[in-house]
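**Q** Please see the structure below; I have some questions.
Number of protein chains: 2
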Amino acid sequence: MSLLDDLRAALGDRAVLTDPAETAGYSSDWRRLYSGLPLAVIRPSSTDQVVRAVTLCAKAGVAIIPQGGNTSMVGGAVPSVDGTEIVLSLERLRALRAIDPVDLTMTVEAGVTLAAAQAMAAEQGMLLPLSISSEGSAQIGGVLATNAGGNNTLRFGNARDLVLGLEVVLADGQVWHGLRHLHKDNTGYALRQVFVGSEGTLGIITAAVLRLQPGVTARASAFCALPSVEQALALLARLRARDAGALHAFEYMSGGSVDLVLAHIEGVARPVEAAAHYVLVDCAASGPEGAAQALQDRLEDVLGAALEAGELTDAALAQNEAQRLAFWKIREEHAEAQKRAGASIKNDISVPLAALPELMDAAAAACRALVPGIRIAPFGHLGDGNIHFNLVQPTGAGGAAFLAQSEPLMEAVGEVVRRLSGSFSAEHGVGRLKTGMMQSWRGGVELDLMRRIKSALDPAGRLNPRVIFPAKNAEDAAG
Amino acid sequence: MSLLDDLRAALGDRAVLTDPAETAGYSSDWRRLYSGLPLAVIRPSSTDQVVRAVTLCAKAGVAIIPQGGNTSMVGGAVPSVDGTEIVLSLERLRALRAIDPVDLTMTVEAGVTLAAAQAMAAEQGMLLPLSISSEGSAQIGGVLATNAGGNNTLRFGNARDLVLGLEVVLADGQVWHGLRHLHKDNTGYALRQVFVGSEGTLGIITAAVLRLQPGVTARASAFCALPSVEQALALLARLRARDAGALHAFEYMSGGSVDLVLAHIEGVARPVEAAAHYVLVDCAASGPEGAAQALQDRLEDVLGAALEAGELTDAALAQNEAQRLAFWKIREEHAEAQKRAGASIKNDISVPLAALPELMDAAAAACRALVPGIRIAPFGHLGDGNIHFNLVQPTGAGGAAFLAQSEPLMEAVGEVVRRLSGSFSAEHGVGRLKTGMMQSWRGGVELDLMRRIKSALDPAGRLNPRVIFPAKNAEDAAG
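Top to bottom, those sequences are chains L and A.
FYI, the numbering for the first sequence is 1 to 479, going by the working numbering.
FYI, the numbering for the second sequence is 480 to 958, going by the working numbering.
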């Protein structure tokens with residue numbers, strides 16, 4: 001076929017994979033929810049090669065699935081099953097183009113993993129303040145295309161808030177050279193914000209300028225046991241009133257989800273007495289010697305006052321980095337523990353903070369009514385109102401029977417979230433998994449505006465088809 | 480004429496102004512650079528009235544100039560001279576719809592002034608961290624439509640970074656109900672980011688959800704004298720390394736511009752010895768009793784070390800709020816002092832921070848070569864790389880003769896900025912004043928992408944014509 005020949009001529013033979021043994025890793029999503037069959041997987045090594053490949057695909061009318069680390073939780077980068085689409089992997093665009101300690105910015109290519117980018121910043125004494133569980137595999141291009149969130153958004157915002165400039169290859173192969181590293185620039189529409197979070201449907205990000213922070217030299221962390229979600233909100237307010245700038249993370253874990261970690265992960269111990277709710281507080285600062293002790297003292301003060309006020313029943317302050325990492329291990333092993341505990345259903349939801357107590361109660365009650373014995377294991381970024389309201393099969397029951405209940409369970413949770421003016425996808429995006437919800441939650445004017453932007457930037461609909469937008473016939477049926 | 484009758488029927492007679500005595504205040508910009516003649520000025524009092532008015536204008540094919548406090552520096556909201564356009568003032572949409580101390584958010588209507596919104600937040604113990612010189616008149620709708628910047632962007636970002644949700648009336652009268660107050664929501668394109676900074680060309684913002692911060696209870700400020708811009712950057716790095724979270728403002732003033740303030744504004748005294756460069760440092764924190772002293776002590780420490788390192792030649796620490804306000808008065812009177820000093824030319828530019836020393840030297844030299852005796856009076860938000868590189872006529876020379884040199888002077892500055900990869904409008908936007916620069920600075924793919932988005936959302940081009948985009952024939956001529 002001539003497109004493949006042209007691609008080989010443009011990129012080199014080794015950059016065009018068609019052998020199923022080689023393309024398999026690019027053809028299914030991380031959760032194995034979707035599987036496809038690409039015409040080819042191409043691996044350009046420069047922006048210029050991306051341009052040549054996209055131009056050839058445009059001429060041939062072939063759709064492109066841009067792919068980074070392929071760590072989507074929602075089937076965000078899977079080719080169709082009919083062998084007609086090209087997977088374009090950015091993994092070989094791995095250069096650090098520039099890093100500027102005066103300006104606190106770095107210019108990295110799309111294929112650099114988030115962890116590698118963090119390390120590049122740290123080497124120069126700076127902090128790239130974005131941290132997600134999959135950072136070892138997730139690549140900057142995908143992180144931006146999905147507006148990733150994670151653990152430090154409370155203090156520094158989502159991926160969107162860290163982007164100053166982008167280089168983007170458009171659907172027709174033109175390049176938008178928007179790699180500006182300016183902290184302020186009001187010269188027309190904020191195009192970078194249009195591409196960030198667009199899930200590869202409007203253009204292919206090949207490089208980005210990211211805003212950094214001064215390096216962190218002091219940390220203080222605590223693991224807290226709490227009687228209720230209301231008290232967790234009271235503790236958050238107390239911490240913010242004391243030192244909002246130092247509060248980098250406020251992570252929630254339900255008693256049920258911590259129990260799963262204790263049961264299924266080796267080498268983990270609960271640092272506080274048992275409780276229905278836990279919070280991991282992480283504070284950080286930059287400063288000379290003595291800053292760490294001052295930070296620790298302030299945190300201890302706040303926790304002491306919270307204990308007295310009954311907001312906490314117990315708290316452990318990390319005495320060293322090893323203890324701090326042990327606290328974080330409990331938080332980070334949640335997904336793995338749930339996997340080992342049996343079949344599970346994930347809900348990545350957000351609500352206004354004040355609605356969190358009601359969310360937890362009402363959603364749990366609705367799920368228990370549907371599946372007696374269901375294990376309710378919510379955890380997540382409470383400081384952002386973002387909870388992974390995950391559900392694990394009853395002990396001893398069949399996994400398949402539980403998963404057969406996925407739809408009613410997700411709908412039951414969704415109904416509560418919707419009543420509380422929340423979102424059905426706080427940080428994971430829409431992908432293919434949640435397109436069906438776009439019609440009912442974001443339909444009408446909002447979805448129409450999105451379609452108009454899609455048509456303006458990718459009129460032929462050749463960039464990552466099937467994500468974000470519900471199929472037209474589904475829309476008609478719903479409308 | 481029937482449109483006016485229809486508008487009167489929909490909004491009430493008093494909401495439709497046609498008497499030139501009444502419409503004059505809405506028909507010129509604040510700087511008196513542009514003046515127009517509206518068909519009418521309409522003042523709806525609710526989103527519903529905005530919808531009815533926009534629908535009627537759409538049916539009649541009449542263009543709309545959305546207007547807030549009318550404080551644009553670039554002619555951002557002026558009707559045409561031929562009496563065919565409607566000015567739609569949002570000033571009567573003044574409600575605080577909601578404020579949430581748990582979530583740290585407020586929902587305000589477009590016509591609330593920024594100062595009033597700040598006061599509403601402060602009343603509930605919170606901080607709306609956006610501050611600009613015109614905040615007493617500028618309204619939230621305009622502040623968002625122009626992505627306003629100001630004094631605290633170093634710590635909290637531009638207007639764009641504070642917006643969680645929007646309510647927008649579209650060109651055809653449809654409403655996008657996007658008033659979500661969620662800190663995380665990845666359900667499709669970030670439409671709010673498309674409207675923020677679009678200068679009223681894509682839709683009319685009628686209300687917004689803004690992100691707030693805990694109230695500030697402690698402040699420490701210093702006025703510093705420095706030998707060079709390089710040393711100002713060194714001081715900034717030193718402050719960031721010590722306590723980045725507390726650094727709310729880092730404002731630069733050249734010796735020449737402070738001299739103008741001392742000469743033309745009453746009741747102002749220089750708090751430090753004379754120097755070629757000055758910086759106003761503002762630190763803030765939330766915390767209990769003792770926090771203010773701790774903040775003051777930390778700032779004093781840093782300044783002591785900077786003095787020892789030769790980064791400063793002198794510094795004054797504000798001993799009380801009155802002194803702090805006196806420091807800020809020097810900074811805030813810059814525009815007024817320059818006005819009184821004679822004719823002046825404004826350049827609102829930004830460059831990467833490391834390029835600031837070269838910018839200052841090269842731009843000053845270029846201007847002096849063109850106009851001997853010219854007074855170079857730069858000041859601004861150095862921490863963001865954003866300098867108002869303002870130029871004042873030579874003493875005793877004619878103002879008109881000086882202004883006749885505007886174009887070559889602005890071009891000379893622009894040439895330096897461009898060589899340093901900067902922006903010709905850091906925070907004031909494009910408006911009508913700078914459309915000519917869009918072609919040469921942002922032309923090609925970037926401007927084409929903006930045009931595509933404009934066509935997708937306002938196909939008939941009836942929302943704020945003539946701003947941002949260069950006239951087609953100018954484009955052809957340049958292209």
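Quick reminder that beta carbons are idealized off the backbone N, C-alpha and C, glycines included.
Owing to the predicted nature of the structure, the values given are computational and were not obtained by experimental measurement.
Hey, is D161 (chain L)'s beta-carbon within less than 9 Å of any beta-carbon in chain A?
**A** Answer yes: the Cβ-Cβ gap between D161 (chain L) and chain A drops below 9 Å somewhere.
**Q** So is D492 (chain A) buried or exposed if we call it buried at 16+ other beta carbons inside 10 Å?
**A** It is exposed - the Cβ of D492 (chain A) has fewer than 16 other Cβ atoms within 10 Å.
**Q** From which residue to which residue does the alpha helix (DSSP H) around F881 (chain A) run?
**A** First-last of the alpha helix (DSSP H) with F881 (chain A): 878-882.
**Q** Compute the Euclidean distance between the alpha carbons of E752 (chain A) and A845 (chain A), then round it to the nearest angstrom.
**A** Computed Cα separation, rounded: 29 Å.
**Q** Can you tell me whether P66 (chain L) is helix, strand or coil according to DSSP?
**A** Correct three-state label for P66 (chain L): strand.
**Q** Measuring only between beta-carbons, confirm whether P767 (chain A) sits less than 9 Å from chain L.
**A** It does; some Cβ of chain L falls within 9 Å.
**Q** Please confirm whether G373 (chain L) and A397 (chain L) have their CB atoms less than 9 Å apart.
**A** Contact flag set, yes.
**Q** Here's the rule I'm using: 16 or more other beta-carbon atoms within 10 Å means buried, otherwise exposed. How should D561 (chain A) be labelled?
**A** D561 (chain A) is exposed by the Cβ-count criterion.
**Q** What residues are listed by DSSP as bridge partners for P214 (chain L)?
**A** Looking at the DSSP assignment, P214 (chain L) forms a beta bridge with L:M126.
**Q** If the criterion is Cβ atoms closer than 9 Å, does the pair L179 (chain L) and T107 (chain L) meet it?
**A** Going by C-beta atoms, L179 (chain L) is nearer than 9 Å to T107 (chain L).
**Q** How about V688 (chain A) and G628 (chain A): do their beta carbons lie closer than 9 Å?
**A** No, they are not a contact pair.
**Q** Among all the DSSP beta bridges, which residues are the ones paired with E167 (chain L)?
**A** L:H177, L:A207, per the DSSP bridge assignment.
**Q** Between the beta-carbon of G555 (chain A) and the beta-carbon of T625 (chain A), is there less than 9 Å?
**A** Yes, Cβ-Cβ distance for G555 (chain A) and T625 (chain A) is below 9 Å.
**Q** Which residues of chain L have a Cβ atom closer than 7 Å to the Cβ of H660 (chain A), listed in chain order?
**A** In chain order: P352.
**Q** What's the C-alpha gap between D508 (chain A) and P608 (chain A)?
**A** The alpha-carbon atoms of D508 (chain A) and P608 (chain A) are separated by roughly 26 Å.
**Q** Note down, in chain order, every chain A residue with its Cβ under 8 Å from the Cβ of K184 (chain L).
**A** Within chain A, the residues near K184 (chain L) are G628, T632, N637, S829, H860, D863, G864, N865, S902, A905, E906.
**Q** How is the alpha helix (DSSP H) around S198 (chain L) delimited, first residue to last?
**A** Unbroken run through S198 (chain L): none, as it is neither H nor E.
**Q** Which one of L:G267, L:P459, L:D448, L:L212 has the shortest CA to CA distance from T105 (chain L)?
**A** The option with the nearest alpha carbon to T105 (chain L) is L:L212.
**Q** If you check the beta carbons only, do V675 (chain A) and A190 (chain L) fall under 9 Å apart?
**A** Taking 9 Å as the Cβ cut-off, V675 (chain A) and A190 (chain L) qualify as a contacting pair.
**Q** Between the segment 307-320 of chain L and the segment 247-260 of chain L, can you find at least three pairs of beta-carbon atoms closer than 8 Å?
**A** No: fewer than three Cβ pairs fall under 8 Å.
**Q** Please report how far the alpha carbon of A263 (chain L) lies from the alpha carbon of N320 (chain L), in whole angstroms.
**A** Between A263 (chain L) and N320 (chain L), the C-alpha separation is close to 25 Å.
**Q** Short of 9 Å Cβ to Cβ, which residues in the segment 541-559 of chain A face chain L?
**A** So the list is empty, because no residue satisfies the distance condition.
**Q** Would you kindly report the start and end of the unbroken alpha helix (DSSP H) that includes I86 (chain L)?
**A** Taken as a continuous stretch (DSSP letters only), I86 (chain L) belongs to no alpha helix (DSSP H), being part of the beta strand (DSSP E) at 86-89.
**Q** If you compare alpha carbons, which of A:R911, A:S613, A:P693, A:E678 is closest to A950 (chain A)?
**A** Checking every option, the nearest Cα to that of A950 (chain A) belongs to A:R911.
**Q** Return helix, strand or coil for P470 (chain L), following the three-state DSSP convention.
**A** Coil.
**Q** Would you mind stating whether Q49 (chain L) and E91 (chain L) have Cβ atoms separated by less than 9 Å?
**A** Taking 9 Å as the Cβ cut-off, Q49 (chain L) and E91 (chain L) do not qualify as a contacting pair.
**Q** List, in chain order, every chain A residue whose beta-carbon is nearer than 8 Å to that of S455 (chain L).
**A** Under the 8 Å cutoff, chain A gives A935.
**Q** Listing by chain order, which chain L residues have their CB less than 9 Å from the CB of I947 (chain A)?
**A** The answer, in chain order, is T187, G188, Y189.
**Q** Helix, strand or coil: how does DSSP classify Q618 (chain A) here?
**A** DSSP places Q618 (chain A) in strand when its eight states are reduced to three.
**Q** Identify the continuous alpha helix (DSSP H) that holds E906 (chain A) and give its terminal residues.
**A** Premise fails: E906 (chain A) is in no alpha helix (DSSP H) and is neither H nor E.
**Q** Just to confirm, are F948 (chain A) and R930 (chain A) a CB contact at a threshold of 9 Å?
**A** A contact, by the Cβ cut-off of 9 Å.
**Q** Out of L:K434, L:S45, L:E230, L:A326, which has the shortest C-alpha to C-alpha gap to V261 (chain L)?
**A** Here the closest residue by C-alpha is L:A326.
**Q** Measuring only the C-alpha atoms, how far is K339 (chain L) from V371 (chain L)?
**A** Straight-line Cα distance between these residues: approximately 19 Å.
**Q** Would you say G142 (chain L) reaches chain A, if we count a Cβ-Cβ gap shorter than 9 Å as a contact?
**A** Answer no: the Cβ-Cβ gap between G142 (chain L) and chain A never drops below 9 Å.
**Q** Below 8 Å on the Cβ atoms is my contact criterion, and I expect P857 (chain A) with I866 (chain A) to pass it. Report the Cβ-Cβ distance as a whole number of Å.
**A** Yes, they are in contact, since the Cβ atoms of P857 (chain A) and I866 (chain A) sit about 5 Å apart, within 8 Å.
**Q** Which partner residues does G380 (chain L) have in the DSSP bridge list?
**A** Answer is L:Y252, L:I387, bridged to G380 (chain L).
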